[in-house]
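So the mapping is simple: our numbering equals the position in the sequence shown, first residue as 1, plus 6.
All residues carry an ideal CB built from backbone N, CA and C; glycine is no exception.
Comments concern the structure below.
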Amino acid sequence: MRDGRTMIEHYSFGRVTCGGKDYASDILVYRGEVSSWWREKGHSVCERDIEALLGQKPAILIIGTGAYGIMRVPKDFRRSIEARNIRLIAERTGEAVRIFNESLSRGEDVAIGMHLTC
């Protein structure tokens, strides 16, 4: 999974398959690495939730906001990410996965944080 091209094979409510491994909790994926993703405020994302990822400076950051789009991506978070010259895309997780895989297949430097439920 370290080749930087780890595609997301499947997503459904509460489950994702990435790099041939199944996950049942929220994850971050970047440059072939998959890690658990825990947010301070649960259904809202802030910079502290992705500090390690920001240190690696992806060109594109995709946030999967859940199957029904319940997770919030606050305006101050958006401004902060864009100020770092990182393109931010926030979509329901199914759409976020599609965009991530397409971006990865084009060779773009893309990371994703996925909320798997609501």
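**Item:** Check whether Asp32 and Leu110 have beta carbons under 8 Å apart
**Value:** Taking the first residue of the sequence shown as 1, we reach residue 32 at position 26. Taking the first residue of the sequence shown as 1, we reach residue 110 at position 104. No, the Cβ-Cβ distance between Asp32 and Leu110 is not below 8 Å.
**Item:** Secondary structure of Val79, DSSP reduced to three states
**Value:** Sequence index remark: in the sequence shown, residue 79 carries index 73 (1-based). Coil.
**Which listed residue (Ile66, Trp43, Ser18) has its alpha carbon closest to that of Ala89** = Start at 1 with the first residue of the sequence shown, and residue 89 comes out as number 83. When each option's Cα is compared against that of Ala89, the closest is Ile66.
**Prompt:** Of all the options Arg54, Ala96, Asp115, Arg84, which has the alpha carbon lying nearest to the alpha carbon of Arg11?
**Reply:** Against the sequence shown, residue 11 aligns to sequence position 5. Ranking the options by Cα distance to Arg11, first place goes to Asp115.
**Asked** How about Tyr17 and Gly75: are their beta carbons less than 8 Å apart?
**Response** Locating residue 17 in the sequence shown gives position 11, where the first residue counts as 1. Locating residue 75 in the sequence shown gives position 69, where the first residue counts as 1. Their beta carbons are not under 8 Å apart, which means Tyr17 does not touch Gly75 by this criterion.
**Asked** With burial defined as no fewer than 16 other Cβ atoms inside 10 Å of the residue's Cβ, what is the status of Asp82: buried or exposed?
**Response** Within the sequence shown, the letter at position 76 stands for residue 82. Asp82 should be labelled exposed.
**Message:** Using a Cβ-Cβ cutoff of less than 6 Å, which residues in the same chain neighbour Pro29 once the five nearest sequence positions on both sides are dropped?
**Reply:** Locating residue 29 in the sequence shown gives position 23, where the first residue counts as 1. The amino acid occupying residue 29 in the given sequence is Tyr; Pro does not appear at that position. Excluding sequence neighbours, Tyr29 sits near Val22.
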